[in-house]
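Using the numbering used here, the letters of the sequence shown correspond one by one to residues 27 to 265. We put the beta carbon where it would ideally sit given N, CA and C, even for glycine. On a predicted model such as this, the values are computed, not experimentally measured, just so you know.
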Amino acid sequence: MKNKIDIVLSPELIPAYRQPGSVAVVIDVLRASTTITTAMAHGAKAIYPLETVEEAEARAAEGYLVGAERNVVRCPFAQFGNDPAEYTEEAIGGKEIYFTTTNGTRTIKAAIAEGYRVVVGTFVNLSAVARFCQGQDVLAICAGWQGRPSKEDTLFAAALCDALSESHEVVTDVSQMMVELWQAHKGSLTEYIKESNHYPRMVKAGKEGALDFCLTIDAMEVLPITELEGETIKLVRHE
């Protein structure tokens with residue numbers, strides 16, 4: 027019997043999908059998932075996802091390394107924002123980072139609150155995510171934008187559905203639509219995402235240069251995964 031994959035188009039819908047035992051793939055293509063994966067690839071020891079700016083500012087005041095972003099812009103108290111290019115090996119190799127973003131980190135926390143073990147997925151680690159999902163039911167959770175679905179996250183969910191279509195049942199309306207979406211746009215990712223609501227926000231903030239990298243399939247063989255440290259959740263590199 028095949029495992030199943032289903033798609034959650036925004037974190038607000040997570041409670042409607044009661045799928046205990048599924049692995050949750052949290053998707054925030056632009057840019058939290060890409061930034062977290064890049065930081066892990068460049069040697070970050072652990073990333074602690076935070077939901078609020080206040081939590082992140084408190085960690086910064088305590089002297090911790092902090093990445094923090096709201097509405098595409100780095101928070102002034104933080105050493106880093108939410109741009110993968112900032113997370114170089116020289117800057118973060120071997121270090122722990124506290125991290126908060128507009129949509130991605132709150133989606134991670136929301137999935138954890140519902141009892142899921144989370145992996146972080148995006149185009150740059152598509153194959154690593156698909157391999158990990160073998161033999162498991164999958165709930166792909168799109169971070170979207172402030173509670174609304176987004177093109178870029180939905181498109182990665184579509185790519186993951188397509189990658190798992192032989193090993194998993196793609197039976198719900200949404201997951202079937204995802205396979206069709208991927209077939210329609212897999213040859214024109216950049217053009218498709220430039221028509222999204224989020225791309226103009228990146229342009230306004232001067233961050234549009236990150237787009238091509240964020241849409242590069244399999245740039246990295248890295249899988250960030252949640253791990254418990256007492257009652258604290260952290261993301262580490264899955265080995």
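- Counting only residues of its own chain and dropping the five nearest sequence neighbours on each side, residue 135 has a CB closer than 7 Å to the CB of 75, 77.
- Bridge partners of residue 50 according to DSSP: 144, 165.
- Around the beta-carbon of residue 66, 16 or more other beta-carbon atoms lie within 10 Å, marking it buried.
- Around residue 195, the same chain offers 28, 29, 30, 31 as residues with beta carbons nearer than 8 Å, after the five sequence neighbours per side are excluded.
- C-alpha of residue 247 to C-alpha of residue 63: approximately 9 Å in a straight line.
- DSSP links residue 260 through a beta bridge to 253.
- Approximately 7 Å separates the beta-carbon atoms of residue 58 and residue 129; this is inside 8 Å, confirming the contact.
- Boundaries of the alpha helix (DSSP H) harbouring residue 158: 152 to 159, taken from the DSSP string.
- Nearest C-alpha to residue 45 among 166, 200, 116, 173: 166.
- For residue 68, the three-state secondary structure derived from DSSP is coil.
- Less than 8 Å divides the Cβ of residue 71 from the Cβ of residue 120.
- Within the DSSP bridge table, the entry for residue 29 names 194 as partners.
- The beta carbon of residue 211 sits closer than 7 Å to those of 181, 218, all from its chain and outside the five residues before and after it, given in chain order.
- The Cβ-Cβ distance between residue 108 and residue 93 falls below 8 Å.
- Here residue 38 is not near residue 147, since their CB atoms are 8 Å or more apart.
- By alpha-carbon distance to residue 124, the top candidate from 40, 80, 197 is 80.
- Within the same chain, 176, 177, 178 come within 7 Å of residue 222 by CB-CB distance, once the 5 residues on both sides are set aside.
- Within the same chain, 129, 223, 224 come within 7 Å of residue 171 by CB-CB distance, once the 5 residues on both sides are set aside.
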